[in-house]
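K.L.:
To convert, count from 1 in the sequence shown and add 878; that's the working numbering.
Ideal Cβ positions, reconstructed from N, Cα and C, are used throughout, including at glycine.
Quick caveat: nothing in here was measured; it's all calculated off a predicted structure.
One structure, as structure tokens, below. Some questions next.
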Amino acid sequence: MKRSTLKEEMEKIEIPPDLHQRSKMGIQQAKLEERHSERIIGKKRVWGGIVSAAVLVSAIIALNDSSLASSVRGYFRDIVNWKNEVVDTQYSQATDEIKVEANSATVQSETIIVPVTVTLQDITKPPYSTIEVLTFGDFEVVRSSGESLTNNQITVQAASDNRYEFDIKDRDKLLSEVKSPKANERVFQANLLLDAGFFNNNERFTLKIRSFFGQKKADSPLKIEGDWKVAVSVKRS
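Structure below.
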């Protein structure tokens, strides 16, 4: 089959409402092309056709249904420099895969203590299956007035003083792993210590987190991006 004919056949594919079915159709089309093409030689060419078809279908989905595209689960993506060389990898769109909770804040002397619990909700898939420790990345505390404390103005207090077999980058932002009641989840905890003088009595604020870092031995930290927002109340005695 000529390349122009393949293009015409791919353009005829109707995109059904189900994402899995869409991807499956693209892969089936590529396999069909492989069976009829005498020029395709070796497994490398076959896999290239399948992957290209899957990418094409994904692009069609993104262009025709932005809401569906945004519901796709987290994914790895390469970070490139100005030379278009891959210099790092990060994991994006993890919002629905990580749950962030903050208990009621308490005031001790001049410090507000906010207990934060972070749950990795499916440890059967990477990168969550390989992470050894978890640290905060980019986060802030925003008042109702719009003023904010950045992560450099907030002290992170790990729930326990665990020992690790490797050096942890940004150890001052470390969350401690605690036992999870569910076998397929991992739970991490830490306290955020805030300056009480920054807040009014009984004021509510929002904890906004844009990234975490998953770390493990003999590897660079993996940035995990998402968009987490948690409302917290401050009550003084």
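Is residue 972 closer than 8 Å to residue 1085 when the C-beta atoms are compared?
P.N.:
For residue 1085 and residue 972, no; Cβs fall outside 8 Å.
K.L.:
Taking C-alpha atoms, which residue in 1017, 952, 1009 lies nearest to residue 1042?
P.N.:
With distances taken between Cα atoms, residue 1042 lies closest to 1009.
K.L.:
Where does residue 914 fall in DSSP's three states?
P.N.:
The predicted model places residue 914 with a pLDDT of 42, which falls under 50 and marks its position as unreliable; any figure quoted below should be read in that light. Of the three classes helix, strand and coil, the one that applies to residue 914 here is helix, per DSSP.
K.L.:
Does the stretch 1069-1078 come into contact with the stretch 976-995, if we say contact requires no fewer than three beta-carbon pairs (one atom in each stretch) closer than 8 Å?
P.N.:
The stretch 1069-1078 vs the stretch 976-995: in contact.
K.L.:
Between residue 956 and residue 1013, which are expected to be in contact by the criterion C-beta below 8 Å, what is the C-beta distance as a whole number of angstroms?
P.N.:
Rounded, the Cβ-Cβ distance is 22 Å, inconsistent with contact.
K.L.:
Where does residue 989 sit, in a helix, a strand or coil, going by DSSP?
P.N.:
DSSP places residue 989 in strand when its eight states are reduced to three.
K.L.:
Nearest-angstrom Cα distance between residue 1080 and residue 1111?
P.N.:
Whole-angstrom Cα-Cα distance: 7 Å.
K.L.:
Have a look at residue 1068 and residue 1046 and give me their C-alpha separation to the nearest angstrom.
P.N.:
Looking at the two C-alpha atoms, the distance is approximately 16 Å.
K.L.:
The beta strand (DSSP E) that contains residue 957, what's its start and end?
P.N.:
Looking at the DSSP string, the run of the beta strand (DSSP E) that includes residue 957 is 953-958.
K.L.:
Under 7 Å: does the beta carbon of residue 1028 sit that close to some heavy atom of the ligand ADP?
P.N.:
Looking for the ligand ADP in the displayed structure turns up nothing, as the structure carries no ligands at all.
K.L.:
Just to confirm, is the Cβ distance from residue 1015 to residue 1095 under 8 Å?
P.N.:
The answer is no: Cβ separation not under 8 Å.
K.L.:
Need the endpoints of the beta strand (DSSP E) that residue 1035 sits in, please.
P.N.:
It spans 1033-1036 - the beta strand (DSSP E) in which residue 1035 sits, taken as one unbroken run.
K.L.:
How many angstroms separate the CA atom of residue 1001 from the CA atom of residue 1092?
P.N.:
About 13 Å.
K.L.:
At 4 residues or longer, what runs of the alpha helix (DSSP H) sit wholly inside the stretch 1081-1115?
P.N.:
The stretch 1081-1115 contains no whole alpha helix (DSSP H) run of 4 or more residues.
K.L.:
Cα separation between residue 1060 and residue 991?
P.N.:
Looking at the two C-alpha atoms, the distance is approximately 27 Å.
K.L.:
Taking DSSP as the reference, what is the three-state secondary structure of residue 973?
P.N.:
Note: residue 973 maps to helix in three-state DSSP.
K.L.:
At which residues does the beta strand (DSSP E) containing residue 999 begin and terminate?
P.N.:
Run containing residue 999: none; DSSP gives neither H nor E here.
K.L.:
Would residue 1026 and residue 1020 qualify as a contact pair, given that the criterion is a beta-carbon distance under 8 Å?
P.N.:
Yes, Cβ-Cβ distance for residue 1026 and residue 1020 is below 8 Å.
K.L.:
Which residue wins for smallest C-alpha separation from residue 1083, given the options 962, 1089, 1023, 951?
P.N.:
Checked all of 962, 1089, 1023, 951; the closest Cα to residue 1083 is 1023.
K.L.:
Going by DSSP in three states, residue 1050 sits in which element: helix, strand or coil?
P.N.:
Here residue 1050 sits in helix by DSSP.
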